Every structure is written in C-alpha cells, then in structure tokens.
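Its first residue numbered 1, the sequence shown is counted upward by one per residue in the UniProt record's numbering. Where a beta carbon is used, it is the ideal one built from N, C-alpha and C, also for glycine. Computed from a predicted model, the values in this text were never measured in an experiment. See structure below.
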Amino acid sequence: MYVALAFYSLHTAYTTVSQVGKYEDRFNKIRTYDVVVDRFEKDLKYILVWSTEKDDKDKLLQYEGQTPFIEKNCPQINCYITTNKTILNEDYTNFDAIVFNMSLLWEVGGYAGLPKHRTKRQKYVFYGMQPSEDHPICNKNVDNFFNWTWSYKFESDIFTPFIEVRDLSGKVVAPGRNVIWTDTMNPVTKSSIEYVKTKTKAVAWVLDECKTKNYKMLFIPRLKRALKAFNLTLDVYGCGHMKCPKGGCLKAIQRDYYFYLAYEESITEDYVSADVLKGYHYDAVPIVFGGADYSK
1 MYVALAFYSL HTAYTTVSQV GKYEDRFNKI RTYDVVVDRF EKDLKYILVW STEKDDKDKL
61 LQYEGQTPFI EKNCPQINCY ITTNKTILNE DYTNFDAIVF NMSLLWEVGG YAGLPKHRTK
121 RQKYVFYGMQ PSEDHPICNK NVDNFFNWTW SYKFESDIFT PFIEVRDLSG KVVAPGRNVI
181 WTDTMNPVTK SSIEYVKTKT KAVAWVLDEC KTKNYKMLFI PRLKRALKAF NLTLDVYGCG
241 HMKCPKGGCL KAIQRDYYFY LAYEESITED YVSADVLKGY HYDAVPIVFG GADYSK
C-alpha cells in the first residue's frame, strides 16, 4: 500500500497558539457514534485517503481500488483504497479506515478540514514520512485522535522504512529491532580489487540544492581540514564552483571516488533515507551522518 501512494507535496506552516485555539472547539465537536453494519471476514475493506477541496487527488493517490494491493502481491487483497468520500452511500463514516496525511495538520486551515463525524469501528490512521524534527504537530487536540500511526519509525503501527536490506535469497534482513548481520560474505574478486585501484579521489558530496541546514555546512570545513592533513580532498558538487562532469555526479563517484558523503535530510530517530544507498550503488563507501542507529 505504501508504494502505491505517491509522496505528498508537503509544505511546512507554522501555527501560533491563538491559531491553534481557534480550531480547538471544532475538534471537540467531532461526533462519535455506533453503527450496526453486517460485515463478513472476506468483505472488502474500504480505505479512504482524506483530502480537502484544494488537494490534488492525483498526487495523493496514484492508483485507486484493489489494483495497488494486487500489483504489489500483498498477502491481503480484499482492500479498496480511494480518495472519493462518496462511493459508500455518500457517507465517509462507512469506510473501515481513513488515512490522514500529516500535511493536513501543518496547515492552519487543516483542522477545519477534518471529518465532523466518525464511527467507533473506524480506524483513523496518521500517515507521515517527513522528519518529525522538521515538521512537529503542535496541536493538543490530535492527542488520541488517531488509532494507528504509519511512518518510518519503528514504533509505528504500520512501519514503512525508506529502504530495505535483503539477503541473496530475498529475505528482509533490515531494518529491524534485532538485526543479525552475517559474517559470511562473498569473496572480493580480483577484478573488483583492480577496479578500485583505478580510483584517484577521496570523498564526494552531492547537493541537490544550495540551501541546506547550517549544521551540515559547519561540519564541512572541519572535514576538509582533516583530509588536507593527508593530502586528500572533499569535493562538493551541485552547489558552488564544482559542477557535475559529463555523465553526471553519481557516475563520477563510481569512476573516481573511494567515499561518498551521505548527509541525512534530518538528524531524527529511525530516519534513514535512500541517500545512504547511493554509495553502494556507485561503488563508493558511504560516510553517513544521521540520527538513526545504523546497526539496525
């Protein structure tokens, strides 16, 4: 289900205490009631991705219906996902679960856009794949509002990491709470050794944009000085005087560099993005700076 949902276009909005209070009464007035409905184990489970009028529904959900579950070989395919609130007798309280993207709670007007009614059998799911450090939800009214959480964090009810590590048989090894790393590795081939010997440069860092967090830039001069003591350099591409060579920066890393600097977008618990894998994909050892326990 996770891969079927397109990443939402998220924008941070800051809310003052007075603005939060403005919507407090609206949260408190959400009505919860019992509805007696005959349900069977094999019935379709209907999942609604909540949206407001200004949301681009095509971005919220790439595919609707059962298709995402069937195409991804999910063990359970009796699920139907949609952004259409009206397909069940024009009543969203008939859905089994409603998924709320965290962007709804960042926006000042988002509190007013939440449901006004819910049934006790419904599951409200909080979905958020952005770093919690950068996008805190400062609203006491959402405490106990959600039944389940869905994010990159281990403690989430629906744990969805950005990356997975699998062994040669395809079994998922990591991430996990108690990862057992094997000591048995395939031997390094002679051709691989000769290939690495052709590399001539130490470390590369590729920036997607020049505007980056201060702690990242503060670290760079220190690392450059440390490398300079051994006649080595850190080359920063994508921002500044160094431009990506023909073929792209990642191809240059594969050809020339021993190490790849992987700075996480946020120094947050359990946040491990796919950027960590770029080094492995392009034959460079990743130097990772982040807030996760990477042994997991």
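- F100 and W50 do touch by the CB rule: their CB atoms are close to 5 Å apart, below 8 Å.
- Setting aside the 5 residues that flank it on each side, P161 is surrounded in the same chain by Y152, P175, each with a C-beta closer than 6 Å to its C-beta; the list follows chain order.
- The straight-line gap separating the alpha-carbon atoms of I81 and N178 is approximately 33 Å.
- Here A229 is exposed: its Cβ has fewer than 16 other Cβ atoms, across all protein chains shown, within 10 Å.
- DSSP, reduced to helix, strand and coil, places R255 within a helical segment of the structure shown.
- Within the UniProt domain "Fucosyltransferase N-terminal" (44-162), the complete beta strand (DSSP E) segments of 3 residues or longer fall at 45-49, 79-82, 97-101, 117-119, 123-128, 148-151, listed in chain order.
- Of the residues S103, I98, G113, the one whose Cα lies closest to the Cα of Q122 is I98.
- Of all C-beta pairs linking the stretch 243-261 to the stretch 138-150, fewer than three are shorter than 8 Å, placing the two stretches out of contact.
- T268 and V172 have their C-alpha atoms spaced approximately 23 Å apart.
- Under the three-pair Cβ rule at 8 Å, the stretch 241-257 counts as touching the stretch 276-285.
- Within the DSSP bridge table, the entry for P286 names Y260 as partners.
- Per DSSP, reduced to three states, the secondary structure at L277 is helical.
- Taking 3 residues as the minimum length, the beta strand (DSSP E) runs contained wholly in the stretch 219-255 are 234-237, in order along the chain.
- The shortest C-alpha to C-alpha distance from C249 to any of S169, V203, V272, I220 is the one to V203.
- Going by beta carbons, L223 and L207 fall outside the 8 Å limit.
- Here V172 carries a strand assignment [DSSP, helix/strand/coil].
- In this structure, DSSP gives V179 a state outside helix and strand, which the three-state scheme calls coil.
- For the pair I47 and E265, the Cα-to-Cα distance works out to about 31 Å.
- Y263 is positioned such that its CB atom lies no closer than 8 Å to that of A292.
- Of the candidates W205, Q76, L114, the residue whose Cα lies closest to the Cα of C244 is W205.
- Excluding residues up to 5 positions away in sequence, A262 lie with their Cβ nearer than 6 Å to the Cβ of D275 in the same chain.
- In this structure D96 is buried. Its beta-carbon is surrounded by 16 or more other beta-carbon atoms within 10 angstroms.
- In this structure, L104 and N139 do not form a Cβ contact; the two beta carbons are roughly 11 Å apart against a cut-off of 8 Å.
- Taken through DSSP and simplified to helix, strand or coil, K296 comes out as coil.
- CA-to-CA, the gap between R225 and M129 works out to about 35 Å.
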